[in-house]
Every structure is written in C-alpha cells, then in structure tokens.
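Asks:
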Amino acid sequence: MSLLKKKLAAGAAVVALGGFLGACSSDDTAEDTTEETGDAVTAASVTDQADEVVASLQEDGNWITAITADVTLDEDLTVSGTFHDGGDESAEEYRKLALYAQDDERVVTDEYTLTVPMMTVESPNFRIQNGTLDGDVYVDAEGFELKESTVTGDVTFASQELMDAAMMDEGTVEGEVIVEE
C-alpha cells in the first residue's frame, strides 16, 4: 500500500472515530436510530422512565420497548399502532414489550416489573416477554402473546376470536382470563 493510501486510510479512521465519539455524551438523553415506514416510525426504545415507556408504546412509538428497571405508571396505558418485525413492511406485524435484560448471547440476566392499572392492547401481534406486568390487560387486537412473562391481574379479551388467536401457554396469568361480555 502506498504512503498516500495509508495516510488517507488513517485519516478516514480518525474522522470515523471522531464522529463516533462525538455522538457520545454525558447526559441521559438517548437518541434512537429510526426508519420511516408506511405504518409507523420503527426503532427500539430502551428506558427506565415512565413517560418514555408511554410514548414508546403509542401509535407513533417504537416496535420494541425494553425497560431496564422496574417502572410504575399511575394511569392506564394503551398500546396502539401497527409495526412490522425489524421495521420491514414485508415482514410480519409484530410488537414487543421486553421486561428483561440479556447478555451478549441473549441469555436473560434480569427481569423487571411494569406496574400499570390497566394496559389496553390495540397493536396486532403484541408480545410481553419475560418479567411481570403488574396490573390488568384488555386485549382488542389479534395475536396477543405472553412469552415467559407474568400478568398479576386479569386478561380480558374483546372477543372469543381474539382469545382464540392469543398465545399465552408460555406465560402466567395470576388473575382470570375472560372474554368481555
């Protein structure tokens, strides 16, 4: 490699490293990389702040919301919006609330609790994975799933069809599982 090429490569590496380090800051504000899709803006949200959890699960929120500590919401929460796995519109509709931490090999290392009086699920194929949702859940969308997670309250479905489409065998509901009358 010629001396000029080596200098150019070294200069490019310094610029890239400077850009990376310049993006780091000491404040607690996290900025997600987002991708615009036809249905919603997609990205992952990782937080331990109640207001950020609420914003992330709204219609214009994120396809994955991961909490990093126990979080308590004083008001009911509605999960709305249509999202696709990985933000790819050709992929399946999918949305996830991750109540756990994991290591580099995706082994769960800690689980958290989201406390909320009532969570209303309007997003299709919404999964609560690991951890505990301390409260009641009202499901008004197809494909609701509990994956190695616990709901301490009741899970109420808007219809029998929605209950039949749910996947809750790998989770625990401490209250009742019922269809709204």
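What the sequence shown shows, in mature numbering (1 follows the signal peptide of the UniProt record, and there is no 0), is residues -30 to -1, 1 to 151, in sequence order. Each residue gets a CB set at the ideal place from its N, CA and C atoms; glycine is no exception.
1) Evaluate the contact criterion for the region 120 to 127 versus the region 90 to 106: three or more CB pairs, one atom per stretch, below 8 Å.
2) Measuring only the C-alpha atoms, how far is I148 from Q130?
3) Suppose you measure from the CA of R97 to the CA of E151; what does that come to, to the nearest Å?
4) Give a yes or no on whether the C-beta atoms belonging to D120 and E146 are separated by under 8 Å.
5) Which full runs of the beta strand (DSSP E) of 3+ residues lie inside the region 12 to 89, going along the chain?
6) Hey, out of Q72, P87, V86, whose CA is closest to D80's CA?
7) Assign E62 to one of two classes, buried (16 or more other C-beta atoms within 10 Å of its C-beta) or exposed (fewer than that).
8) Going by DSSP in three states, E118 sits in which element: helix, strand or coil?
9) Terminal residues of the continuous beta strand (DSSP E) containing E140?
10) Is the separation between the beta-carbon of A36 and that of A14 shorter than 8 Å?
11) Cα separation between A128 and Y82?
12) Using beta-carbon positions only, say whether S93 and F53 come within less than 8 Å of one another.
Replies: Inspection of the coordinates gives the following:
1) yes
2) 9 Å
3) 24 Å
4) First, the amino acid is wrong: residue 120 is Thr here, not Asp. For T120 and E146, no; Cβs fall outside 8 Å.
5) 14 to 17, 34 to 37, 47 to 49, 65 to 68, 70 to 72, 78 to 81
6) Q72
7) exposed
8) strand
9) 137 to 143
10) yes
11) 27 Å
12) yes
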